[in-house]
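Right, one structure below, let's go through it.
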Amino acid sequence: MQLLFFVCLLAGSCWADIDIDVEPPSPSRELSVDKLDYYVNSEEGRAILFSEFLSIKSGKRRPWTEAENPENLPKNRYDDLLAYDETRVKLEPRSYDESDYINANYIDGYHRQKEYVATQGPLPNTTRDIWAMVWQLDIKKIVMLANLMEHGKPKVAQYWPNDTACYGELTVTKLSEHDMPEIQHKVRIFSVRKKGSPNVRIVRQFHFTGWPDLGVPEDRLSVLGLLQQVRKYLPDSRSPIAVHCSAGVGRTGTVILMDSMIERARQEGVVNFPERLDHMRVQRVDVVEKKEQYVFAHQGVNDLYKNSTETLEYLQKVDQMHRSLGNDLFKDFQLPRNMNEAIQRIRLHNHRISAILSAIGNGFSEEE
Numbered sequence: 232m233q234l235l236f237f238v239c240l241l242a243g244s245c246w247a248d249i250d251i252d253v254e255p256p257s258p259s260r261e262l263s264v265d266k267l268d269y270y271v272n273s274e275e276g277r278a279i280l281f282s283e284f285l286s287i288k289s290g291k292r293r294p295w296t297e298a299e300n301p302e303n304l305p306k307n308r309y310d311d312l313l314a315y316d317e318t319r320v321k322l323e324p325r326s327y328d329e330s331d332y333i334n335a336n337y338i339d340g341y342h343r344q345k346e347y348v349a350t351q352g353p354l355p356n357t358t359r360d361i362w363a364m365v366w367q368l369d370i371k372k373i374v375m376l377a378n379l380m381e382h383g384k385p386k387v388a389q390y391w392p393n394d395t396a397c398y399g400e401l402t403v404t405k406l407s408e409h410d411m412p413e414i415q416h417k418v419r420i421f422s423v424r425k426k427g428s429p430n431v432r433i434v435r436q437f438h439f440t441g442w443p444d445l446g447v448p449e450d451r452l453s454v455l456g457l458l459q460q461v462r463k464y465l466p467d468s469r470s471p472i473a474v475h476c477s478a479g480v481g482r483t484g485t486v487i488l489m490d491s492m493i494e495r496a497r498q499e500g501v502v503n504f505p506e507r508l509d510h511m512r513v514q515r516v517d518v519v520e521k522k523e524q525y526v527f528a529h530q531g532v533n534d535l536y537k538n539s540t541e542t543l544e545y546l547q548k549v550d551q552m553h554r555s556l557g558n559d560l561f562k563d564f565q566l567p568r569n570m571n572e573a574i575q576r577i578r579l580h581n582h583r584i585s586a587i588l589s590a591i592g593n594g595f596s597e598e599e
């Protein structure tokens with residue numbers, strides 16, 4: 232009896248060591264898109280998703296030694312949500328900082344590796360770094376999912392100028408800002424130029440304003456519409472899509488999970504949310520923080536592929552509103568029809584004209 236007890240005790244200690252050193256196998260659930268409706272619209276289905284979400288390993292899963300260096304600690308918004316060493320974006324040398332650290336990780340998409348960059352909302356001391364990353368990676372699309380202030384607390388430092396400003400070696404000019412409160416979208420367009428470079432790049436920021444922290448939006452079709460517009464803008468671009476909220480994990484992870492599953496469903500007609508989320512969490516800590524966000528990602532894909540009249544009409548409305556933005560921009564390059572239109576246009580866009588002139592004045596040196 233004592234021998235049996237000793238053997239069991241020894242086996243138990245061995246299994247404890249295995250639990251520590253070896254991660255459990257990745258979860259896997261291939262699911263046809265037409266089966267999603269059961270999971271998102273029935274209590275039993277949602278209970279399965281809740282249980283599934285809780286089974287996906289959370290917490291720190293990779294080293295983040297660089298993030299813990301004393302010079303880099305002030306660059307992190309939260310001390311338990313740092314950038315893994317293996318998948319972090321490494322910034323090139325900058326005149327104002329010797330460190331290559333930014334709280335940002337590459338995340339694979341359905342199409343390709345490093346399709347997304349998930350990053351925290353900039354702090355006041357890291358606004359230069361996010362533009363350095365945008366330039367270095369030739370990022371053309373930024374998805375912003377938080378507001379500057381939420382519940383009376385700062386969630387994201389305003390990292391863009393109202394007109395023109397310098398961020399390290401980069402001059403950023405806001406060319407336009409369009410607010411669409413009906414669908415909770417804002418679109419800002421920036422030009423970015425690096426000192427000593429003849430190139431001027433255009434960056435478009437897609438800002439969703441209606442997502443509560445640690446929750447889900449009431450209008451998920453507006454999120455679906457935003458993602459559709461992100462994909463439609465420069466669809467052949469190979470540059471990563473930058474996505475951020477405040478911490479760069481909850482809302483950010485939910486959108487990346489939803490977007491990558493939409494792309495897979497479009498190509499294969501199937502999705503695998505737990506496998507995808509498990510892989511994402513190896514690349515950035517705790518992406519998709521709440522079980523409600525996990526269900527929300529399922530709901531978004533289901534909404535799109537049910538092709539309901541409500542969804543189709545809503546997405547068509549979003550598309551029309553964003554296309555009208557393009558038409559408004561195009562009008563700026565057409566001759567006004569009369570003097571009144573010319574005067575009105577000057578008044579409406581005076582800040583843009585000033586910003587562009589300022590950028591030209593600050594951006595070109597005598598050597599050029």
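Taking our numbering, the leading residue of the sequence shown gets 232, the next gets one more, and so forth.
Glycine included, C-beta positions come from ideal geometry on N, C-alpha and C.
Alpha carbon to alpha carbon, how far is Ile493 from Pro305? Numbered from its first residue, the sequence shown carries residue 493 at position 262. Numbered from its first residue, the sequence shown carries residue 305 at position 74. Between Ile493 and Pro305, the C-alpha separation is close to 36 Å.
Neighbourhood of Phe561 by C-beta, 8 Å cutoff - its chain only, sequence neighbours within 5 removed: The residue given as residue 561 occupies position 330 in the sequence shown. The pLDDT assigned to Phe561 is 49, lower than 50, so where the model puts this residue is not dependable; a value taken from the coordinates is nonetheless given after this. There are no such residues.
Between which two residues does the beta strand (DSSP E) harbouring His438 extend? Locating residue 438 in the sequence shown gives position 207, where the first residue counts as 1. Looking at the DSSP string, the run of the beta strand (DSSP E) that includes His438 is 431 to 439.
Sequence-distant residues of its chain with Cβ nearer than 7 Å to Thr483 (five each side left out): Numbered from its first residue, the sequence shown carries residue 483 at position 252. Hits under 7 Å: Ala349, Leu376, Val474, His475, Cys476, Val518.
Residue from His510, Ile333, Gln459 with nearest C-alpha to Thr357: Taking the sequence shown and counting its residues from 1, the one referred to as residue 357 is at position 126. Thr357 has its Cα closest to that of Ile333, out of His510, Ile333, Gln459.
Three Cβ pairs or more, each shorter than 8 Å: is that satisfied between the stretch 409 to 416 and the stretch 376 to 395? no
Under the three-state DSSP convention, the category Asn538 falls into: Along the sequence shown, read from residue 1 onward, the residue named residue 538 stands at position 307. It is coil, neither helix nor strand.
Rounded to whole angstroms, how far is the Cβ of Tyr464 from the Cβ of Lys372, which I believe are closer than 8 Å? Along the sequence shown, read from residue 1 onward, the residue named residue 464 stands at position 233. Along the sequence shown, read from residue 1 onward, the residue named residue 372 stands at position 141. Right, their Cβ atoms sit about 6 Å apart.
Closer than 6 Å by C-beta to Arg319: which residues in its own chain qualify, once you throw out the five before and the five after it? Chain order, please. Numbered from its first residue, the sequence shown carries residue 319 at position 88. Closer than 6 Å at the Cβ level, and outside the excluded window around Arg319, lie Asn336.
Is Gln459 closer than 9 Å to Val550 when the C-beta atoms are compared? Position 319 of the sequence shown, counting from 1, holds the residue named residue 550. Position 228 of the sequence shown, counting from 1, holds the residue named residue 459. Sequence inspection shows Asp at residue 550; the Val mentioned does not correspond to that position. Yes, the pair counts as a contact, with Cβ atoms nearer than the cut-off.
Determine the closest residue to Arg469 out of Val513, Leu313, Leu262, Lys345, with distance taken between C-alpha atoms. Sequence index remark: in the sequence shown, residue 469 carries index 238 (1-based). With distances taken between Cα atoms, Arg469 lies closest to Lys345.
Residue of Glu523, His409, Leu406, Leu452 minimising C-alpha distance to Lys537: Stepping through the sequence shown from its first residue, residue 537 is reached at position 306. Nearest of Glu523, His409, Leu406, Leu452 to Lys537, Cα basis: Leu452.
Determine the DSSP secondary structure at Leu368, reduced to helix, strand or coil. Here residue 368 refers to the residue found at position 137 of the sequence shown. Note: Leu368 maps to coil in three-state DSSP.
Spatial distance of Pro353 from Ala363 (CA atoms): Within the sequence shown, residue 353 is the residue found at index 122, counting from 1. Within the sequence shown, residue 363 is the residue found at index 132, counting from 1. Their backbone Cα atoms lie some 12 Å apart in a straight line.
Local Cβ density within 10 Å of Pro443, reported as buried at 16 or more and exposed below that: For this step, residue 443 is matched to residue 212 along the sequence shown. That one is exposed.
By a C-beta neighbour count over all protein chains shown, 10 Å radius and 16 as the cutoff for buried, is Ala478 buried or exposed? In the sequence shown, residue 478 corresponds to position 247, counting from 1. Buried is the call here.
Three-state secondary structure assigned by DSSP to Lys548: In the sequence shown, residue 548 corresponds to position 317, counting from 1. Here Lys548 sits in helix by DSSP.
Exposed or buried, Asn303, counting other C-beta atoms within 10 Å across all chains shown (16 or more means buried)? In the sequence shown, the residue the question calls residue 303 occupies position 72. By the 10 Å Cβ count, Asn303 comes out buried.
Figure out for me which residue from Arg325, Glu523, Arg515, Gln498 has the closest Cα to the Cα of Ser263. Translated into the one-based positions of the sequence shown, residue 263 becomes position 32. Checked all of Arg325, Glu523, Arg515, Gln498; the closest Cα to Ser263 is Gln498.
Measuring straight from C-alpha to C-alpha, what distance separates Val532 and Pro429? For the purposes of this step, residue 532 is identified with residue 301 of the sequence shown, where counting begins at 1. For the purposes of this step, residue 429 is identified with residue 198 of the sequence shown, where counting begins at 1. Each residue's alpha carbon lies about 42 Å from the other.
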